[in-house]
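Here the structure comes first, spelled out in structure tokens, and everything after it is commentary.
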Amino acid sequence: MGEKKLMRGNEAIAEAAIRAGCRNYFAYPITPQAELLQWMAEHMPEKENGTFLQAESEIGAISMVYGAASTGERTMTSSSSPGISLKQEGISYLAGSELPAVIVNIMRGGPGVGNIQPAQADYFQATKGGGHGDYRLIVLAPSTVPEAAELTFEAFNLADEYRNPVILLADGMIGQMMEPVELPSPVDTSDLQPKPWATTGTDGRDSNTIRSFAMGAEALKSINRDLQGKYENIKKAETRYEEIGVDDPDVLLVAFGTVARIARTTRRLAEEQGINLGIFRPITLWPFPGDRLAELSKKVDTVLTVEMNAGQMVEDVRLSVNSEINTPFYGEQGGVVPDPGRILQEVKKYV
Amino acid sequence: MDQYSTIVSGFGGQGVILTGKIIARTGMEEGLEVTWLPSYGPEMRGGTANCTAIISSKLIGSPVVKEPSSLIAFNKPSLDKFGPSVQQDGVIVLNSSLIDDFSLDKSHKVVLLPVNELAKDLGNQKVINMVALGGWSKATGKLSLSALKKGMKLTLEESGKERFVDINQKALEKGYETAKEGIKASSV
Amino acid sequence: MSEEAVAENTKEMKKVFDRPESLNDQQFSYCPGCHHGVINRLIAEAIDELGIQDTTVGTAPVGCSVFLYKWFDIDVIQPAHGRVSAVATGAKRARPDLTVFAYQGDGDFASIGTNNSTHAANRGENITTFFINNTLYGMTGGEMAPTTLIGQKTTTTPQGRTAKDYGYPIKMSEMLAELDGPTYITRQAVYDPKRIDKARTAIKKAFRFQMEDEGYSLIEFLSACPINWGMDPVEANERIKKEVEEVYPLGDIIERS
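Residue numbers (my numbering), protein chains in the order written: chain A, 1 to 351; chain B, 1 to 188; chain C, 1 to 257.
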């Protein structure tokens, strides 16, 4: 860890990516992630053949990611909700071709053009597969700016380790706000694990192919079986979450990203009123930490889910916990950020 | 220090965003937890601009505040929008060069600073924001004048604007000194 | 003939035709009379002659070229339909030391991927693009493409393409030649030895431009699709000469270096 800097979320994500060895970045401007693009344009290291390219479209950008990732180099794109919808084709191909890449979604309100205010309404899209076919993305949800930097750095390691696209799912608030960040030390790209599968010119070896195509039913079935096996391994090894005051809470609140940090304020307000509010925060939205949540839910009567959407993660919460307990939902939409006091009102309904 | 939140609001071009950043940056240098959150989007194109800076000795939950501890208002629309939500006994720094008629319901500590004139006296209209911030330092007592000078210097240096450090220091001092005389401790 | 005599005879024989090194020992699965196979071979020959087999990466999508990775003994990336120019851009930007080519059909290059192909050309991406124009969608069953000629019957224009409903055959090469980005744009055909010779020269030239960092090259091939045209291979070749060339004249369109 290096020096402490006051940075916007978008800038911290961009800088963390560069420090993680990302040397290829392709994107298209969209609010509220424009600063990410601007930071990359200015800071992508040229002397190491770093590529910053403003693409002709979101589809162009994700396709360039596909090409660059095929050469085995660390590669990223970023956008906000409507742009991520456009990228779904490429994301499905990345997953199908088992290419490591990092995709950043600084979510805004939808559907359609919606607005540019923060939202969490792309949970389904990110965790259930916005594109076609049976695939999974590793979905990381930072709750603060420093964590956004940390998880971006980690996203590249996970992508490489599993040859799988990773989504960093943040929102306009995390993208726009500033907080002190301790940036990770830059990796030396020459120290990164070699990728013998990459298309880098044969140079004497047998030729490599990057593709998601298999003509025969049995061949494609076998590819899918391998993918599912990989996803099982990811579930076992990479499920992440944070717990605050979950030992004996009156109510257990489940939230991710921005809402989880707001819930910390709610917890303080609750404490003043003698209410013990536990917080369970999934850091990986896929794999969803359902097993741990199931354990914790045994100690409470109510698991309250709060999101900036109409109720998306709550479906995974309800699938995970004992069906005997209450699993209410409170959400805000349209770019409205839930107020800590308002969340407390919801909590008090179940105390 | 318990959480202390400040909304800075005004027209685009009045240095609103920078003022908030300097509060956050100074807080960070003082070893505090800080957050800074801008309003973004169409508003940044010449309409009203505002941002929220929070400093705290404890981890900051929500960076959004409904009832700020203090407000720096550079124009009338900003005062109308945020003035009523400032906490009881909170601080409001008013640009009295542009705001001459106002009424507030709560018991606020109000500082009237004719920042346009004060900046003009210093020979640079652009430093109205630092004049106001100097006044805010005096009225809130949350970040000292010397700490803010340092925070401002670091912030400007990082964006390659070292040459403006001196004039901005003078502006911070001017605001601080003027506020000594100009604090009204009751509702107006 | 005795074994000795055979040995003696073959010693005198010179090998004049062989599979290029850059092609695998595989039989193409292209339809009879299709020009893809000839074009593939010419590209492979050029790669051999330039000595770049080890440093070349091909990009080819689904459609008739879906098995390109099988035919070529080089590294191959298979992008989504239409995205080839953008994927080639990504690979080339990541590894400028590689020679990267894009192999695209008319649906890919001129319809679903027009945005990507146009902007790669406009940026002057240092890639080599082969655009196979057979005036329809071959693989999916002979549907109309933007390149389909007026009056041409396809499975989606059973009465023939009309300008009123679908506009005119799109002239990608001429269109892109209007841009300042591209270095070399040419239209070639492979229906006779003379044309094959010219195409071979054009391919090598296009690769050389890339190797010398000169920027974007596009070779459009007028290609036969006898099956979907409902013709035998000879008739299909005649159609190119008589009808297709009328709309898409052969030859270099721009060369700037």
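All C-beta atoms in this analysis are idealised placements derived from N, C-alpha and C, irrespective of residue type, glycine included.
Practice prompt. Buried or exposed for G307 (chain A), please, with buried defined as at least 16 other CB atoms from any protein chain shown within 10 angstroms of its CB.
Written response: Taking the first sequence and counting its residues from 1, one reaches residue 307 (chain A) at position 307. As written in the sequence, residue 307 (chain A) is Glu, which differs from the Gly given in the question. With 16 or more Cβ atoms within 10 Å of its Cβ, E307 (chain A) is classed as buried.
Worksheet item: List, in order along the chain, the chain B residues whose C-beta lies closer than 8 Å to that of L277 (chain A)?
Response: For the purposes of this step, residue 277 (chain A) is taken as the residue at position 277 of the first sequence. Within 8 Å Cβ-Cβ: nothing; L277 (chain A) doesn't reach chain B, min ~12 Å.
Worksheet item: Would you call G60 (chain A) buried or exposed, if buried means 16 or more other Cβ atoms sit within 10 Å of its Cβ?
Response: Taking the first residue of the first sequence as position 1, residue 60 (chain A) is located at position 60. The residue is buried, with at least 16 neighbouring Cβ atoms inside 10 Å.
Worksheet entry | Proximity test, Cβ basis, 8 Å: D160 (chain A) and chain C | Walking along the first sequence from the start, residue 160 (chain A) turns up at place 160. Answer no: the Cβ-Cβ gap between D160 (chain A) and chain C never drops below 8 Å.
Discussion item. Going by beta-carbon coordinates alone, are L68 (chain C) and V76 (chain C) separated by less than 8 Å?
Written reply: What you label residue 68 (chain C) is simply residue 68 of the third sequence in a count that begins at 1. What you label residue 76 (chain C) is simply residue 76 of the third sequence in a count that begins at 1. Contact flag set, yes.
Practice prompt. Please decide whether T209 (chain A) counts as near chain C, where near means a Cβ-Cβ distance under 8 Å.
Written response: As a working note, residue 209 (chain A) is residue 209 in the first sequence. Yes, T209 (chain A) counts as interfacial toward chain C.
Worksheet item: For a contact meaning CB atoms closer than 9 Å, what does N228 (chain C) contact in chain A?
Response: Locating residue 228 (chain C) in the third sequence gives position 228, where the first residue counts as 1. Chain A residues near N228 (chain C): none, gap ~20 Å exceeds 9 Å.
Worksheet item: Per DSSP, what kind of secondary structure is P32 (chain C) in: helix, strand or coil?
Response: By one-based count along the third sequence, residue 32 (chain C) stands at place 32. Residue state, collapsed to three classes: coil.
Worksheet item: Among residues of its own chain, excluding the 5 on either side of M44 (chain B), which ones have a beta-carbon nearer than 7 Å to its beta-carbon?
Response: For this step, residue 44 (chain B) is matched to residue 44 along the second sequence. Low local confidence applies: a pLDDT of 48 at M44 (chain B) is under 50, so the model's placement there is unreliable, with the coordinate-based value given in what follows. Here the set comprises G12.
Discussion item. Could you check whether E182 (chain A) and T144 (chain A) sit closer than 8 Å to each other, using their CB atoms as the reference points?
Written reply: Counted from its first residue, the first sequence places residue 144 (chain A) at position 144. Counted from its first residue, the first sequence places residue 182 (chain A) at position 182. Their beta carbons are not under 8 Å apart, which means T144 (chain A) does not touch E182 (chain A) by this criterion.
Practice prompt. Check whether the Cβ of D165 (chain C) lies closer than 8 Å to any Cβ atom in chain A.
Written response: In the third sequence, residue 165 (chain C) corresponds to position 165, counting from 1. No, no contact with chain A.
Discussion item. To the nearest angstrom, how far is the alpha carbon of S159 (chain B) from that of I13 (chain A)?
Written reply: Within the second sequence, numbered from 1, the residue matching residue 159 (chain B) stands at position 159. Within the first sequence, numbered from 1, the residue matching residue 13 (chain A) stands at position 13. C-alpha separation (whole angstroms): 19 Å.
Fill in: Contact with chain A by P96 (chain C), beta-carbon distance below 8 Å
The residue labelled residue 96 (chain C) in the question sits at position 96 within the third sequence. It does; some Cβ of chain A falls within 8 Å.
Worksheet item: N116 (chain C) and S297 (chain A) look like a contact to me (Cβ under 8 Å); what is the Cβ gap, rounded to whole Å?
Response: Along the third sequence, one-based indexing puts residue 116 (chain C) at 116. Along the first sequence, one-based indexing puts residue 297 (chain A) at 297. That pair is no contact at about 48 Å.
Worksheet item: Taking the C-alpha atoms as reference points, what is the distance between P82 (chain A) and D160 (chain A)?
Response: For the purposes of this step, residue 82 (chain A) is taken as residue 82 along the first sequence, with counting starting at 1. For the purposes of this step, residue 160 (chain A) is taken as residue 160 along the first sequence, with counting starting at 1. So the alpha carbons of these two residues sit roughly 27 Å apart.
Item to complete: Go ahead and label D18 (chain C) buried or exposed: buried means 16 or more other beta carbons lie within 10 angstroms of its beta carbon, across all protein chains shown.
Response: Reading the third sequence from its first residue, position 18 is the one you call residue 18 (chain C). Classification for D18 (chain C): exposed.
Item to complete: Check whether the Cβ atoms of I170 (chain C) and P193 (chain C) sit closer than 8 Å, and answer yes or no.
Response: By 1-based counting over the third sequence, the position of residue 170 (chain C) is 170. By 1-based counting over the third sequence, the position of residue 193 (chain C) is 193. Contact flag unset, no.
Item to complete: Anything in the segment 49-66 of chain A with a Cβ closer than 9 Å to a Cβ of chain C? List those residues in chain order, please.
Response: N49, T51, L53, A55, E56, S57, I59, G60, A61, I62, S63, M64, V65 and Y66
Worksheet entry | chain A within 8 Å of Q104 (chain C), Cβ atoms only | The count along the third sequence starts at 1 and reaches residue 104 (chain C) at position 104. Chain A, which has no Cβ nearer than 8 Å to the Cβ of Q104 (chain C), makes this no.
Fill in: Span separating the alpha-carbon of R264 (chain A) from that of N24 (chain A)
On the first sequence, position 264 is the one that residue 264 (chain A) refers to. On the first sequence, position 24 is the one that residue 24 (chain A) refers to. Approximately 37 Å between the Cα atoms of the pair.
Worksheet item: When the Cα of T52 (chain B) is compared with those of B:E30, B:E29 and B:F82, which residue comes out closest?
Response: Here residue 52 (chain B) refers to the residue found at position 52 when the second sequence is read from its first residue. Checking every option, the nearest Cα to that of T52 (chain B) belongs to B:F82.
Practice prompt. Could you please tell me which residues of the segment 166-190 of chain A, in chain order, have their CB closer than 8 Å to any CB of chain B?
Written response: G172, M173, Q176, M177, M178, E179 and P180
Worksheet entry | Where the segment 68-88 of chain C meets chain E: residues whose CB sits under 7 Å from a CB there | Structure shown: chain E not included; protein chains present are A, B and C.
Item to complete: Just list the alpha helix (DSSP H) runs in the segment 152-183 of chain C, keeping only unbroken ones of 4 residues or longer that don't cross its boundaries, in chain order.
Response: 163-166 and 172-177
Item to complete: Ignore the nearest five residues each way along the sequence and tell me which others in E238 (chain A)'s own chain have a CB closer than 7 Å to its CB.
Response: In the first sequence, the residue the question calls residue 238 (chain A) occupies position 238. Same-chain partners within the cutoff: I138, L158, T284 and P287.
Item to complete: Would you mind telling me which residues of chain C sit closer than 8 Å to E73 (chain A), beta carbon to beta carbon, in chain order?
Response: Here the question's residue 73 (chain A) lines up with position 73 in the first sequence. Result: A94 and R95.
Worksheet entry | Q53 (chain C) classed as buried or exposed, judged by whether at least 16 other C-beta atoms fall within 10 angstroms | Reading the third sequence from its first residue, position 53 is the one you call residue 53 (chain C). Answer is buried; the Cβ neighbour count reaches 16.
Worksheet item: If we ignore side chains and look at the alpha-carbon of each, how far apart do L293 (chain A) and G334 (chain A) end up?
Response: Stepping through the first sequence from its first residue, residue 293 (chain A) is reached at position 293. Stepping through the first sequence from its first residue, residue 334 (chain A) is reached at position 334. In a straight line, the C-alpha of L293 (chain A) is about 28 Å away from that of G334 (chain A).
Discussion item. Does the CB of A294 (chain A) have a neighbour CB from chain C at under 8 Å?
Written reply: Here residue 294 (chain A) refers to the residue found at position 294 when the first sequence is read from its first residue. Not an interface residue.
Discussion item. Taking a contact to mean a Cβ-Cβ separation below 8 Å, would you say V251 (chain A) touches L227 (chain A) in this structure?
Written reply: As a first step, residue 251 (chain A) must be located in the first sequence, where it is residue number 251. As a first step, residue 227 (chain A) must be located in the first sequence, where it is residue number 227. Result no, Cβ atoms of V251 (chain A) and L227 (chain A) do not sit closer than 8 Å.
Practice prompt. Leaving aside the five residues before and after V57 (chain C) along the sequence, list all residues of the same chain whose C-beta is less than 6 Å from its C-beta, in chain order.
Written response: As a working mapping, residue 57 (chain C) is identified with position 57 in the third sequence. These residues qualify, in order along the chain: D75, A91, L98 and V100.
Worksheet item: Do you know offhand how far A17 (chain A)'s Cα is from R256 (chain C)'s?
Response: On the first sequence, residue 17 (chain A) is found 17 positions in, with the first residue counted as 1. On the third sequence, residue 256 (chain C) is found 256 positions in, with the first residue counted as 1. Cα to Cα, A17 (chain A) sits roughly 38 Å from R256 (chain C).
Worksheet item: Is M107 (chain A) closer than 8 Å to S85 (chain A) when the C-beta atoms are compared?
Response: Mapped onto the first sequence, residue 85 (chain A) falls at position 85. Mapped onto the first sequence, residue 107 (chain A) falls at position 107. The answer is no: Cβ separation not under 8 Å.
Item to complete: Compute the Euclidean distance between the alpha carbons of K180 (chain B) and L113 (chain B), then round it to the nearest angstrom.
Response: To locate residue 180 (chain B), count along the second sequence from 1; it is residue 180. To locate residue 113 (chain B), count along the second sequence from 1; it is residue 113. Roughly 11 Å between the two C-alpha positions.
Worksheet item: When you compare each of C:E174, C:P233 and C:G160 to T118 (chain C) by their alpha carbons, which one comes out closest?
Response: What you label residue 118 (chain C) is simply residue 118 of the third sequence in a count that begins at 1. Per the Cα distances, C:E174.
Worksheet item: Rounded to a whole number of angstroms, what is the C-alpha to C-alpha distance between P158 (chain C) and A80 (chain C)?
Response: Numbered from its first residue, the third sequence carries residue 158 (chain C) at position 158. Numbered from its first residue, the third sequence carries residue 80 (chain C) at position 80. For P158 (chain C) and A80 (chain C), the distance between alpha carbons rounds to 28 Å.
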